[in-house]
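This report concerns only the one structure given below.
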Amino acid sequence: MPHQFRHEDFFDDARMPVVVHRRVSQRPSRLHSHAFSELVIVLSGQGVHFTVDDEHDVMAGDVFVIQGSGEHGYRNPRQLELVNIMFKPGQLDLPLHDLRSLPGYHALFTLEPRFRKQHRFSSRLHLDSHQLSYLAPMIDALERECTERPPGFLAMSVVSFMQIVGYLSRCYGQVQTAASRPLLRIGEALGHLEDHYAEPIDIARLARIAHMSESSLYRAFKRGVGHTPIHHLIRLRIRKACPLLRRSDRSMSAVAVGVGFSDSNYFSRQFRNIMGISPREYRRRSILPPAPSV
Numbered sequence: 002m003p004h005q006f007r008h009e010d011f012f013d014d015a016r017m018p019v020v021v022h023r024r025v026s027q028r029p030s031r032l033h034s035h036a037f038s039e040l041v042i043v044l045s046g047q048g049v050h051f052t053v054d055d056e057h058d059v060m061a062g063d064v065f066v067i068q069g070s071g072e073h074g075y076r077n078p079r080q081l082e083l084v085n086i087m088f089k090p091g092q093l094d095l096p097l098h099d100l101r102s103l104p105g106y107h108a109l110f111t112l113e114p115r116f117r118k119q120h121r122f123s124s125r126l127h128l129d130s131h132q133l134s135y136l137a138p139m140i141d142a143l144e145r146e147c148t149e150r151p152p153g154f155l156a157m158s159v160v161s162f163m164q165i166v167g168y169l170s171r172c173y174g175q176v177q178t179a180a181s182r183p184l185l186r187i188g189e190a191l192g193h194l195e196d197h198y199a200e201p202i203d204i205a206r207l208a209r210i211a212h213m214s215e216s217s218l219y220r221a222f223k224r225g226v227g228h229t230p231i232h233h234l235i236r237l238r239i240r241k242a243c244p245l246l247r248r249s250d251r252s253m254s255a256v257a258v259g260v261g262f263s264d265s266n267y268f269s270r271q272f273r274n275i276m277g278i279s280p281r282e283y284r285r286r287s288i289l290p291p292a293p294s295v
């Protein structure tokens, strides 16, 4: 059975949502998995990256994401230098803002890992030498925050990681390979939903944005994000509702309408289905006592 690395194997401070592990000379490694996700950046050399049922050559400039418990390993490393940026998606709580509107963000972090076997790794992000040189100081800055841990390092490590995520998302958005193009088209549809989540969904328009038929769009969403476009939109609306419930005193009806539900009862049912509790209970648990006056 493949070995699973636990949080405590790399995160010596449980508060840290991200750490950097630099492999100056990557050795062959057996199939293994993690209790966290991994952003892999190949700085130099070559090797073979393999999973349970596939393998692919990797080289300097390759960038890919290993999601959660995905099993993988390395063979035949030849002066292979990697940077593994390990992160806890559930704890990171990134303030992504308009990054979710970028097709490249969805393509790199959500879609490419799911389509990797089908595309035989040809849809991965590959940076040229200029892009890799531009990225290197960002990696160094994140590594310093994680290792030296000056005051405020928890916040600054998230800021540094965000900068890397944003830059790589932009880079993927510029890729024009045959394998990456379908992922960016689905990313365009996902970005459209991010920008228009409160509006009625128009499947025909979404299909036009993705340059595919409606039936192909449904299949692509199911494979790429695990849900149909409509179910994805419902989950997106619930995600948008959570901060409104935590940080505002809007009525349930106002919150429901604000994120695109015309019926507050339907909103409550969907919220419970996805979150496991009612929106009222979620709000109640989220209320903190006010800070003491000074």
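Numbered according to our numbering, the sequence shown terminates at residue 295, and the numbering increases by one at each position without gaps.
The C-beta atom is built at its ideal place from N, Cα and C for all residues, glycine as well.
Just so you know, the alpha carbons of HIS197 and SER30 end up roughly 44 Å apart. Scanning its chain for C-beta atoms nearer than 7 Å, with the 5 sequence neighbours on each side dropped, one finds around LEU112 the residues LEU184, ILE187, GLY188, GLY225, in chain order. Here DSSP, grouped into helix, strand and coil, assigns PRO280 to helix.
SER123 is a Cβ neighbour of ALA180, given a cutoff of 7 Å.
TYR75 is bridged by DSSP to SER30, HIS50.
A direct Cα-Cα distance of roughly 8 Å separates GLU72 from HIS35. Between the alpha carbons of ARG145 and LEU44 lies a gap of roughly 18 Å. Contact between the segment 168-175 and the segment 201-221 is not established, with fewer than three Cβ pairs separated by less than 8 Å. For MET157, the uninterrupted alpha helix (DSSP H) run begins and ends at 154-174, by DSSP. VAL66 is the residue among PRO104, VAL66, GLU82 whose C-alpha sits nearest the C-alpha of PRO114. For GLN92, the enclosing alpha helix (DSSP H) begins and ends at 90-93. In this structure, LEU194 and LEU234 form a Cβ contact; the two beta carbons are roughly 6 Å apart against a cut-off of 8 Å.
In the structure shown, GLN80 adopts extended strand secondary structure according to DSSP, grouped into three states. In this structure, the straight-line span from the alpha carbon of ASP55 to that of LEU32 is close to 12 Å. Put simply, of ARG79, ARG236, SER70, LEU100 the residue whose alpha carbon is nearest the alpha carbon of MET87 is SER70.
Bounds of the alpha helix (DSSP H) holding ARG186 are 181-196.
According to the DSSP assignment, GLU56 belongs to the beta strand (DSSP E) that extends over 56-60.
For PHE6, there is no enclosing alpha helix (DSSP H); the residue is part of the beta strand (DSSP E) that begins and ends at 4-6. By the Cβ neighbour-count rule, PRO78 is buried, with 16 or more other Cβ atoms within 10 Å of its own.
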